[in-house]
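For reference, the structure is listed below as structure tokens.
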Amino acid sequence: MAREKFRTLTEQMFYTLLCLKEECYGMDILDKVPQMTDNRVNIGSGTLYTLLEQFLGEGIIRETRVQGRKRSYILTDKGREMLKKECLRLEAQLRDYRRIFGEEEIG
Amino acid sequence: MKKVKRRFETLSFYDHTAISAHLEKMASKGWMISKITNIFWIYKPIEPKKIHFAVSYYPKASEFDPEPTEQQKMFHEFCAHTGWKLACTAAQMQIFYNERENPVPIETEPELEIQTIHASVKKGFIPVYLVLLIIGLFNTVLFISNLISDPVDLLSNTTDLFRGTVYFLLVLLCVTDLSCYFVWRKRAIRAAAHGEFLKTISTSKFQKVIIILVFSCAVYWLSDIALSGEPLQIATAVATIIYIVLLFYLVNKTKEVLKEKKVSRGVNRTLTVATSFVLSFAMMGGIIWAGVYAVSHGLFDKELSRYDELPLGVEDLLDISTDDYTSEQRGSSSILMGQYVVRQHNRHESAPWIEYTVVNVNLPFLYGTCREWVLKKVNYYSSAFEFSWMEDNPTPWGAKEAYRLYDEGYGYNSCYVLCYDRTILEIMLSWDLTDEQKAIVGERLG
Chain G
-8 MAREKFRTLT EQMFYTLLCL KEECYGMDIL DKVPQMTDNR VNIGSGTLYT LLEQFLGEGI
52 IRETRVQGRK RSYILTDKGR EMLKKECLRL EAQLRDYRRI FGEEEIG
Chain C
445 MKKVKRRFET LSFYDHTAIS AHLEKMASKG WMISKITNIF WIYKPIEPKK IHFAVSYYPK
505 ASEFDPEPTE QQKMFHEFCA HTGWKLACTA AQMQIFYNER ENPVPIETEP ELEIQTIHAS
565 VKKGFIPVYL VLLIIGLFNT VLFISNLISD PVDLLSNTTD LFRGTVYFLL VLLCVTDLSC
625 YFVWRKRAIR AAAHGEFLKT ISTSKFQKVI IILVFSCAVY WLSDIALSGE PLQIATAVAT
685 IIYIVLLFYL VNKTKEVLKE KKVSRGVNRT LTVATSFVLS FAMMGGIIWA GVYAVSHGLF
745 DKELSRYDEL PLGVEDLLDI STDDYTSEQR GSSSILMGQY VVRQHNRHES APWIEYTVVN
805 VNLPFLYGTC REWVLKKVNY YSSAFEFSWM EDNPTPWGAK EAYRLYDEGY GYNSCYVLCY
865 DRTILEIMLS WDLTDEQKAI VGERLG
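Going down the list, the sequences are from chains G and C. As numbered in my numbering, the first sequence has no gaps in its residue numbers, which increase by one up to the final residue, 98. As numbered in my numbering, the second sequence has no gaps in its residue numbers, which increase by one up to the final residue, 890.
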């Protein structure tokens, strides 16, 4: 793969992790992300399922409750750290943009 | 209205783009996919409508699972949440449909889709195709080596030609399908780096061509065997067909019965694989035993009785009775060429005898190769002796070319190769022929 695993996050990874700041059912993320982004970002059910599996495997999130097939998750410290790093990276990008183009160019 | 429709589909496991498009087309014609078996895709009738289809892959699934695992059901529920209902599954392949107008796709991250597809094809598609490729390559190499060592024998045998063609087509199919998958994967990874999805490379049309070719060859082979095959050939063909169909049916049935009995994946896999090994060896052993028994008991002997007529016999050349002679005639023919061998001997060694091989070449471009082979054969079989073919006068034989065998130690033998328009004749006799006798040979066999 061109991207080193989870070194940078795609939009869908980012918003999935953002939803898991609080305990949340996996399936609810499918609705939360479009609400959160004003329908700008949609996550496919297959993609979300694979992401949750991979995040669990890497210890980025952990399972909090299992009710039949309904499972809820929450960010781990590693996940929080990863999300924070990604935010800092995005902020740095935004700062660089502003330095080059100035405030007025945005929007 | 028909209850169900069964179709043989030529769609590769990984080819989710073509599968979705095909199923959408079928739904618009009023047919919804309901099950995928090892041979057919089964469709049930529905009201014709525009439905979206998506093929997703669940790498942890297995064709030996008695039912979807809890995790797999969770995946199905995720999909159902966005309107994607499960139509059917086939091992790791999960087929969903969605009646919403603009549904969110199941896969929205190309990199992850490539990962799940690759994890799935590694469990079934790639190992199966590699095994088939090895089998195909081994048999193709064997076919080519036989073609080099004895082209006439091989090209005049319909069964060998059919077998060689099928194995070659199998190699072609495996190489094409595997290459298309890996080329798609390489390009898809590049596209995924830019967040783009890439359509799979479809081999559907190519597979259709291969199927048509195999089917046509099979029809030709069976009709040829049925019309002109010897009893042993017919029996072998029938036994081979029964063997393949029965083995396929029994192994598949074992897997299905174990699934119905809710036997675990591991036990089912072990038992099914064991059954396929035991049955294939037992059935093959049975066929070989029956063949050996039949041949040793003379069931398929084709020694001519004295009343059967040979194309040319000692009695046609010499004024003697051949009532106490033994004759043997065997041969084979294909669309490319035919070959038959005749031997006529007397139990007394001093009595005159005759042996000849007639090769009829149907395709002119093969004539040269066959002629070379026939002339080369004498040294090929007896490289310890110094034999060579010396040009002889073809006129008495009515032939285009004539060669006589020359032995460095003993001089000329009564062994000739004669070339006619479509026929190459190799003849060996126990006496020196006169010109009149040569003319009779040319007339009868040339």
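Yeah, the Cβ is synthetic: ideal placement off N, Cα and C, and Gly gets one too.
- The count of Cβ pairs closer than 8 Å, one atom from the segment 661 to 681 of chain C and one from the segment 705 to 722 of chain C, stays below three, leaving the stretches out of contact.
- Out of C/802, C/742, C/740, C/692, the CA that lies nearest to the CA of residue 721 of chain C is found in C/692.
- Annotation for residue 681 of chain C: the continuous alpha helix (DSSP H) segment containing it runs 675 to 704.
- With the criterion set as a beta carbon lying under 7 Å from some beta carbon of chain G, the members of the segment 535 to 558 of chain C are 548, 549, 550, 551, 552, 553, 555, 556, in sequence order.
- Neighbours of residue 525 of chain C across chain G, judged by C-beta separation under 7 Å: 18, 21, 36.
- Taken atom to atom, the span from the alpha-carbon of residue 529 of chain C to that of residue 512 of chain C is near 15 Å.
- DSSP places residue 851 of chain C inside the beta strand (DSSP E), whose first and last residues are 845 to 851.
- Linking residue 698 of chain C to residue 509 of chain C through their CA atoms gives a straight-line distance of about 13 Å.
- Shown here, residue 505 of chain C sits in coil according to DSSP, grouped into three states, outside any helix or strand.
- Residue pairing by DSSP places residue 514 of chain C opposite no residue, since no beta bridge is assigned to it.
- Where residue 471 of chain C is concerned, the enclosing alpha helix (DSSP H) starts and stops at 460 to 472.
- The DSSP assignment places complete alpha helix (DSSP H) segments of no fewer than 4 residues inside the segment 756 to 795 of chain C at 758 to 761, in order along the chain.
- Residues are counted here when their Cβ sits less than 7 Å from a Cβ of chain G; for the segment 506 to 521 of chain C these are 514, 517, 518, 519, 521, given in chain order.
- Within the segment 714 to 739 of chain C, not a single complete alpha helix (DSSP H) segment reaches 4 residues in length.
- Note that the C-beta distance between residue 548 of chain C and residue 35 of chain G is below 7 Å.
- Apart from sequence neighbours up to five positions away, the residues of its chain that approach residue 657 of chain C with a beta-carbon distance below 8 Å are 609, 613, ordered along the chain.
- At least 7 Å separates the CB of residue 31 of chain G from every CB of chain C.
- Where residue 62 of chain G is concerned, the enclosing beta strand (DSSP E) starts and stops at 61 to 66.
- The three-state reading of DSSP puts residue -2 of chain G in coil, since its state is none of H, G, I, E or B.
- Proximity of the segment 516 to 532 of chain C to the segment 552 to 570 of chain C falls short of the contact definition, fewer than three beta-carbon pairs being nearer than 8 Å.
- Boundaries of the beta strand (DSSP E) harbouring residue 533 of chain C: 529 to 534, taken from the DSSP string.
- Residue 500 of chain C is bridged by DSSP to C/538.
- The three-state reading of DSSP puts residue 449 of chain C in strand, counting E and B together.
- Taking 7 Å as the threshold, the shortest C-beta distance from residue 647 of chain C to chain G does not fall below it.
- The beta carbon of residue 41 of chain G sits closer than 7 Å to some beta carbon of chain C.
- Interface with chain C (7 Å Cβ-Cβ cutoff): residue 53 of chain G is excluded.
- In this structure, residue 798 of chain C sits away from residue 783 of chain C, with a CB-CB distance that is not shorter than 7 Å.
- For the options C/812, C/463, C/857, the alpha carbon positioned closest to that of residue 868 of chain C is the one of C/812.
- Each residue's CA atom was taken as its position, placing residue 765 of chain C and residue 805 of chain C some 33 Å apart.
- Contact of residue 560 of chain C with chain G by beta-carbon distance below 7 Å involves 41.
- Taking a C-beta distance under 7 Å as the contact criterion, residue 457 of chain C and residue 540 of chain C do not qualify as a contact pair.
- Residue 58 of chain G has G/61 as its beta-bridge partners, per DSSP.
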